[in-house]
Every structure is written in C-alpha cells, then in structure tokens.
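Presented below is the structure to which this report refers.
In my numbering, the protein residues as written are 3 to 224.
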C-alpha cells in the first residue's frame with residue numbers, strides 16, 4: 003500500500019504543479035489574452051494527465067482525485083482504509099505541487115487565492131464536469147481499458163472549454179488551488195460549494211454507470 007500512496011502523492015504533486023505552473027506561465031506569455039492563457043493551461047494539463055495515468059495507473063489506479071477514489075470505494079474496488087490514505091496523499095501531494103509551482107516562478111510559496119468563482123452556473127458546471135469525468139473513466143475502463151489515459155486527458159481538455167468553471171472536477175485540486183493567488187486560483191470561500199457540486203456529479207455518474215455498464219462489483223480487501 004505504501005507504493006500506491008506514494009504513486010498517488012507523486013501523481014497529484016505533478017498534476018497540480020502542472021495546472022498552477024502552466025497557468026502562471028500562460029498568463030505571463032499571453033499578454034493579457036485570457037483565451038490564449040487558458041489554451042496553454044489546457045494543453046499542459048491534458049498532456050500531463052495522459053503521461054501520469056499511463057505511468058502510474060498500473061501502480062495505484064491513478065486516481066489523483068477524491069471523487070474518483072470515493073466512486074471506486076462504492077464500487078468495492080478499494081477498501082475504506084486505503085481510500086482514506088489515497089485522499090490524504092492526493093491532498094498533501096497536490097498542495098506540495100502548488101507550492102512547488104510558486105517556487106519555480108519566484109512567487110510567495112504561501113498565499114491565498116482572491117479570484118472569485120461562484121454562482122449557479124459555476125456550481126452546475128462543476129457537477130457536469132465531474133459527472134462526465136467519472137462516466138468517462140468507468141465506461142472506458144469497462145470497454146476500452148487501454149484507452150483510459152487518452153480518454154481522460156481528452157475529456158479534461160474539452161471540459162476546460164465547455165464548462166463555465168473550466169472544469170476543476172476534483173475536490174483536492176479545488177482545495178489546493180485556493181492556496182494560489184494566480185491564474186488557476188479560487189477564493190477559499192468558494193471552495194465548499196465547488197466540492198459539494200463535484201461530489202453530487204460524481205455520485206450521479208456512479209449511479210448512471212451502474213445502469214449503462216453493468217457488471218459484478220469487486221469486493222474490497224478491507
């Protein structure tokens with residue numbers, strides 16, 4: 003299990019560092035063009051997801067996301083104790099990744115975001131983004147397992163652009179991005195509503211997937 007926790011921590015570290023670091027770089031190079039900055043942020047995130055899932059999927063399943071871990075627990079593919087360890091590794095590794103991004107760009111390591119991300123459209127976007135992400139994972143695992151890395155990467159690339167929230171779709175990264183007053187940041191006060199929407203979308207996808215992709219659920223070891 004230690005190997006799996008390290009995998010989740012390293013994966014979250016690199017993914018979250020990519021999200022925040024590429025956002026900083028994109029904003030610096032885009033000359034005020036937000037669309038160009040978002041495009042740079044999008045492509046870097048999608049590319050890193052593909053690499054991390056391909057590399058670490060065989061080790062830990064490459065969750066990097068508490069909603070993914072929750073759904074896998076509900077499906078019986080991971081026990082309660084290991085699931086809690088996964089979530090802790092995702093949060094700790096992700097926060098360290100955000101701080102590393104700050105250090106690489108000579109920004110204050112410790113800061114709080116001030117960018118407001120709130121409102122019905124934003125919350126609904128997070129529910130939809132997370133619903134689609136979980137459905138993508140479960141459906142692709144069921145029918146085209148080797149396509150999981152590109153499927154997830156392409157979904158996130160698309161969701162950056164079709165959702166009003168730019169698709170956080172991950173409670174751990176939402177929390178970590180509240181600690182970065184940069185392009186990718188979210189004000190701490192806006193975090194709880196985002197996380198609730200993500201959980202709702204993930205649980206809905208879990209139910210829909212059970213109907214669309216029926217099959218015997220695994221029995222967790224503990």
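By construction, the Cβ of each residue, glycine as well, lies at the ideal position given by its N, Cα and C atoms.
Spatially closest choice to residue i from the options, by CA coordinates
{"i": "residue 44", "options": "35, 133, 21 and 31", "result": "21"}
{"i": "residue 173", "options": "111, 154 and 188", "result": "188"}
{"i": "residue 125", "options": "11, 16, 193 and 149", "result": "193"}
{"i": "residue 130", "options": "74, 93 and 196", "result": "196"}
{"i": "residue 184", "options": "98, 120 and 113", "result": "113"}
{"i": "residue 51", "options": "147, 17 and 29", "result": "17"}
{"i": "residue 46", "options": "64, 25 and 34", "result": "25"}
{"i": "residue 62", "options": "203, 27, 5 and 32", "result": "5"}
{"i": "residue 168", "options": "31, 11, 82 and 39", "result": "39"}
{"i": "residue 186", "options": "78, 10, 42 and 89", "result": "42"}
{"i": "residue 95", "options": "14, 119 and 135", "result": "14"}
{"i": "residue 176", "options": "144, 115, 151 and 211", "result": "115"}
{"i": "residue 77", "options": "208, 214 and 213", "result": "208"}
{"i": "residue 88", "options": "10, 198 and 205", "result": "10"}
{"i": "residue 65", "options": "211, 149 and 154", "result": "154"}
{"i": "residue 135", "options": "110, 178, 98 and 48", "result": "48"}
{"i": "residue 83", "options": "141, 7, 120 and 216", "result": "7"}
{"i": "residue 58", "options": "141, 159, 151 and 104", "result": "151"}
{"i": "residue 103", "options": "191, 160 and 182", "result": "182"}
{"i": "residue 140", "options": "29, 53 and 216", "result": "216"}
Outcome for residue i when other beta-carbon atoms lying within 10 angstroms are tallied against a minimum of 16
{"i": "residue 101", "result": "buried"}
{"i": "residue 92", "result": "buried"}
{"i": "residue 71", "result": "buried"}
{"i": "residue 68", "result": "buried"}
{"i": "residue 107", "result": "exposed"}
{"i": "residue 146", "result": "exposed"}
{"i": "residue 137", "result": "buried"}
{"i": "residue 200", "result": "buried"}
{"i": "residue 34", "result": "exposed"}
{"i": "residue 180", "result": "buried"}
{"i": "residue 118", "result": "exposed"}
{"i": "residue 31", "result": "exposed"}
{"i": "residue 170", "result": "buried"}
{"i": "residue 214", "result": "exposed"}
{"i": "residue 37", "result": "exposed"}
Residue i, DSSP secondary structure in three states
{"i": "residue 114", "result": "coil"}
{"i": "residue 238", "result": "Summary: the structure shown does not reach residue 238, with the chain confined to residues 3 through 224, and so no result is reported for it."}
{"i": "residue 108", "result": "coil"}
{"i": "residue 78", "result": "coil"}
{"i": "residue 207", "result": "helix"}
{"i": "residue 15", "result": "helix"}
{"i": "residue 183", "result": "coil"}
{"i": "residue 147", "result": "helix"}
{"i": "residue 66", "result": "coil"}
{"i": "residue 165", "result": "coil"}
{"i": "residue 121", "result": "coil"}
{"i": "residue 197", "result": "helix"}
{"i": "residue 152", "result": "helix"}
{"i": "residue 52", "result": "helix"}
{"i": "residue 97", "result": "helix"}
{"i": "residue 129", "result": "helix"}
{"i": "residue 34", "result": "coil"}
Residue-level contact to chain B via CB, residue i, 8 Å cutoff
{"i": "residue 169", "result": "No chain B is present in this structure, which holds just one protein chain."}
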